[in-house]
Amino acid sequence: MSIIPTIGMETHVELKTNSKMFCRCHVLDTDIPNESLCPTCLGLPGSLPVPNKKAIEFITLLALSTNCSITNDGMFHRKNYFYPDLPKNYQISQFDLPVGTEGSLEVVVDGEFGTVEIERVHMEEDTGKSTHMGSGRIDSATSTHLDFNRAGIPLVEVVTKPLIKSSREAVAYIEELRQLVIDLGISEGKLEKGNLRFDANISVAHDGDKELGTKVEIKNMNSLRSLEKAIEYEISRQTKMLLNEENIIQETRHWDEKKEVTTSMRSKEGSADYRYFSDPDIPNMILSDDFVNEVKSSIPVLPSQKRTVFIDSGLSIEDANNLVKSPNWIGDLYKIVSSITNDSKTSFNWITGELQGQLRKLELKSIPSWLTAKNLSEIITLVKENKISFTSGKEILGKLIEEELVPEEYAVNNKLIQENDIDEISKMVKDVLDDNKDVLERISNGEDKLIGFLVGQIIKLSKGKVNPSVAKELLLKELNS
Amino acid sequence: MADKIDIENVAKLASLKLNEEEKQHLEKDLSMIIDHFAALSEMDLPDDKISIHPLGMHLNLAEDIASKFLTHEQALSNAPESKDGQFVVPPSLD
Amino acid sequence: MDNHKLPISKINQLFKNKELKPSELYSEVFERAANTESVIHGHLTLFQEENIQKALDADKRYEKGNNIGTLDGIPIAIKDNINISGHATTCSSKMLSNYISPYDATVITRLKNEGVLFTGKTNLDEFAMGSSTENSAYGPTKNPWDSSRVPGGSSGGSAAVVSAGSAVASLGSDTGGSIRQPASFCGVVGFKPTYGTVSRYGLVAFASSLDQIGPITNNVADAKLIFNSMNGHDPLDATSLTESKAQQPKLKNAKIGIIKELMGDGISEDAQQEVHKVAKLMESEGHEVVEVSLPLTKMSISIYYLIAPAECSANLSRFDGVRYGNRVTGNTSSEMMELTRANGFGPEVKKRILLGTYALSAGYYDAYYGQALKARAMMKKEFTDIYNDVDYLISPTTPSDPFKFGEKTDNQLEMYMSDLCTIPANLVGMPAISIPTGLSSQGLPLSVQLMSPANTDNTLLDFSQSLESLVAFSDKPAINGVTN
């Protein structure tokens, strides 16, 4: 009787508007605390909220890009709870009339397509930042410091249906959503900056059970790695409990990055009573068909569409997905290089393997202007045609990153052009065999490892010019004859 | 008439600490008021979608143009306690 | 000197004709305050120091012949739930006793631009919750007509200072009658505009869908003047109207409806008499007066006492001692918030917060708050329909003349009933004005209330002005033996 896990993801996306959601304070990235505030975002008596038009455009863009139905006549609600980083002790959010509902997102999990169903996309405001002072442990702080710069920044909350089946799917989903908001231009999407934050809701049940198990919310996962580990841990914890017929409490648990466990946050058992009611400071938000159509017409190329183009060019789903999740210039480079070389896989490998690898070592984020698709393709073609060895190709690429050059010219000038002439190589094979009769004897007695030694000798004889695989091929032919 | 009001729970939701005397008075007062609402809660009213606003006003969204309002000092000017430019409160357990 | 009782336009004439200086008027008004405040306690703070200079600046402008407008140099008192930068906004609560506002309410900015002198901040029921100003944490305001009686509430201070002459006019706020009822109790004019015509930015919110700022004045013309200098769209208030087109009611041969439900049980004979008296005067002017029925007005108190507390329970959540306010510390921040709120709020405020929290809580929303919203929508329809038949509606402003201190404090429902006649206008968002028309058998002021459809404010004010001349009631209270 197997246990089936069910996961739902709640993700908050920070929008990169100029001003906050309900006031015109700057959305600032600053170290100075409490620097960008007004009566509204500080929750002073007498202040009022006025929603940000750009934020509404951005959320509509996201809702449309995830195939959601748009709520034309929606509203904002007050979500009431007390917490020091919430200036009004209610958050302006949306309850039963969110901007988008019933959407979906194509994801790639372990090289295969999947679909994550989205329940809702709604608009809300961010809270301030709390820093607990003291010994560093959450339950022995001596005081809490508050910075409200972040309070009021527009947040889009995306909630999936509880239909995600594995930690890998959850990670793939977050990666896809992140790429989407970056490509739409609505968020920086940097996890380490908190532009994208997520909580996971996890339950387990016996296979065949009609109802889902008790839902547990997991918070404080700050990276994709911790997301995956936290989900795995929690599924395991709940599975054990279910098998032991222990009662799983509906609660919020905290992922402890150091100990790699989820721990109970005692104060958050059961579900809170937020007493939602429609915000009397904000009239109904009517999104006209004209408005929605205008936003629709501004949807740029989506990650899923880019992926299709890459797949059509000959790449696997996994490789295509990799390009989609890479910076734009990589995908753009790939497109041109693969069409020049007419070899999608090799182009992909060179760009994502060699080129990105070398850039990473040199701590460069992008290629110099003289490193064009044309001269990269030249290197690739030289290698493909066996005119130079793969190692020589890498060398030329390395040099090309440093300075402008013409690959074939460089190869010639540096004597990297390989010997590919069969007759020439056959001669060398014979010469080496003649000079290494004892090794030949040992090989015929079964010491196959020494074939490599002979190949090495041929390469030495050719002063590195011979194409190693051709040499090996001819050597084997000679040996077998 | 109506269910007995769980005044402690309501006070907790409202983040109000009440003493015993207050709890008793308030429970009595609130029950009286709630009973007064009985006639209203029993009315059969149509379920059309209603706007909270009496005049069903139109929402004017604001242009995304940022400007500075309060200085750092003004923001902290009424803070009961502050340190290093931040507001300070007793520890808030999550 | 009686200049402070003259219509503002007349004062402005005197200024322009150099028969009077703003600084002289201000001295007069300040002297009235000195003579009356010890009895009335209408002002919580007086802005004397800054006003001396401001009055002199106004003097100079009139001297040069370039005064800003009609309101330049006029002393107006401001209810202490309206923010003025650099000054305390206490809302008559212990919670905000040390709070200095860093910003101006929009109405203040607009009046400042007109050259208005703010006499100071006036007393109110704490956070505008009450009908007598007995709920102030700083002591009650006394009615200038009889200091053993309440001035009404929640804008008791604002009404009392105009009545007593320590301001030429004042601003109040009205959620369920808080401008009109105290105006009635103090024998002055109180006007609540159409919801959305006067910006709420900077008004400490009580019930967001009901609150409006409005003028309390000696006469209707002054109310009209002040209203028109404050009204108009404010981009900082999302509920502020951009359009105000409406079919205007008639000024001549108008049809006025007496609301049947506000003329029976619970309304004193004296109050009903005033309405009849005024009806007769209107008929003599060629208007038609009929009786109309608005059955849902009987539900007003229930609807109001669900919607207002629900909204206020959330509006007052921000008072937690974190960023401002009188903090009472605790071991944890949640303890600190609970103690700060327990200590800072008075009993009536706590009661309404709890009532509102309860009405919104899980399992109760539909039966209470949800029902109230539906009933309110129906009530609005009832009013809109009736205005197809009549131009204006008339009723008493209050069920009775001003009651004595302590008379209603033990009976909450009776206290709430004092708003019976005024609440409907807030629920439906339509304009309403209270005009003093006579004295009760006890010699205390009585008023009638006129109402009209949404966005007919200036027509209502014009019609009320003609009614005011007809009624010609000009009695003033005497305080400290000094006639006013």
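Chains as they are written, first to last, in numbering that gives the first Met the number 0: chain A, 0 to 480; chain B, 0 to 93; chain C, 0 to 483. Even glycine gets a Cβ: it sits at the ideal position worked out from N, Cα and C.
Residue environment analysis places C:S440 among the exposed positions, since fewer than 16 neighbouring C-beta atoms fall within 10 angstroms of its C-beta.
Secondary structure of C:A358 (DSSP, three-state): helix. Within the segment 69-88 of chain B, contact with chain C at the beta-carbon level (separation under 7 Å) is assigned to L69, Q73, S76, N77, A78, P79, F86 and V88.
The residues I450, in chain order, have a CB closer than 8 Å to that of A:L475 in the same chain once the five nearest residues on each side in sequence are set aside. Taking every protein chain shown into account, the CB of A:V120 has 16 or more other CB atoms within 10 angstroms, so this residue is buried. For a Cβ distance threshold of 7 Å, residue set S312, I352, L353 and T356 of chain C lies close to B:A13, ordered along the chain. For the segment 265-293 of chain A, the residues whose beta carbon sits under 7 Å from a beta carbon of chain C are, in order, D272, R274, F276, P279, D280, I281 and P282.
According to DSSP, residue pairing for A:F309 in a beta bridge does not occur.
In the pairwise beta carbon analysis, the segment 380-394 of chain C is classified as not touching the segment 139-152 of chain C: fewer than three pairs are separated by under 8 Å.
The straight-line gap separating the alpha-carbon atoms of A:I395 and A:P406 is approximately 7 Å.
Using beta-carbon distances, C:Q211 does not count as an interface residue toward chain B, since no partner is under 8 Å. Here the alpha carbons of A:A199 and A:D311 stand approximately 34 Å from one another. Counting only Cβ-Cβ distances below 9 Å, C:Y367 has contacts in chain B at I33, F36, L39 and S40, in chain order.
Residues of chain C with a Cβ closer than 8 Å to the Cβ of A:V49 are, in chain order, P234, L235, D236 and A237.
Per the Cβ contact rule, the segment 230-243 of chain C is not in contact with the segment 363-376 of chain C (fewer than 3 Cβ pairs under 8 Å). Within the segment 288-368 of chain C, the runs of alpha helix (DSSP H) that reach at least 4 residues and sit entirely inside it are, in chain order, 299-314, 332-343 and 346-359. Residues of chain C with a Cβ closer than 7 Å to the Cβ of B:D28 are, in chain order, K350 and Q411.
According to DSSP, A:R167 shares a beta bridge with no other residue.
DSSP lists A:E156 as the beta-bridge partner residues of A:H121. Residue pairing of A:M284 in beta bridges, as defined by DSSP: A:G73.
Between C:P214 and C:A168, the C-beta spacing is below 8 Å.
Under the DSSP definition of a beta bridge, A:Q249 lacks any partner. In its chain, beyond the 5 residues on either side, D124, P139, V149, G152, F404, G405 and T408 have a beta carbon closer than 8 Å to the beta carbon of C:E133. Separation of the CB atoms of C:S177 and C:A127 is rounded to 6 Å, and the pair is thereby assigned contact status at 8 Å.
Pairing A:M122 with A:V158 gives a Cβ-Cβ distance that is not under 8 Å.
Take A:T238, set aside five residues on each side of it, and the residues of its chain with a beta-carbon closer than 7 Å to its own are I2 and V203, in chain order.
In the structure shown, A:E116 falls within a strand segment according to DSSP collapsed to helix, strand and coil. Contact between the segment 283-302 of chain C and the segment 370-378 of chain C is present, with at least three C-beta pairs closer than 8 Å.
In the three-state scheme derived from DSSP, where H, G and I count as helix and E and B as strand, A:D146 is classed as strand.
The beta carbon of A:V260 sits closer than 7 Å to the beta carbons of Y232 from its chain, once the five residues preceding and following it are set aside; these are given in chain order. Chain order gives the chain C residues near B:K16 as E337, L338 and A341, where near means a beta carbon separation below 7 Å.
Close partners of B:I4 in chain C (Cβ separation under 7 Å): Y357.
Here C:D145 is bridged, per DSSP, to C:N142. Excluding its 5 nearest sequence neighbours in each direction, A:P86 has C-beta neighbours in its own chain below 6 Å: L41, G42 and A150, listed in chain order. For C:M416, none of the residues of chain B pass the 7 Å Cβ criterion, the least Cβ distance being about 10 Å. Rounded to the nearest whole angstrom, the C-alpha separation of B:K11 and A:T126 is 22 Å.
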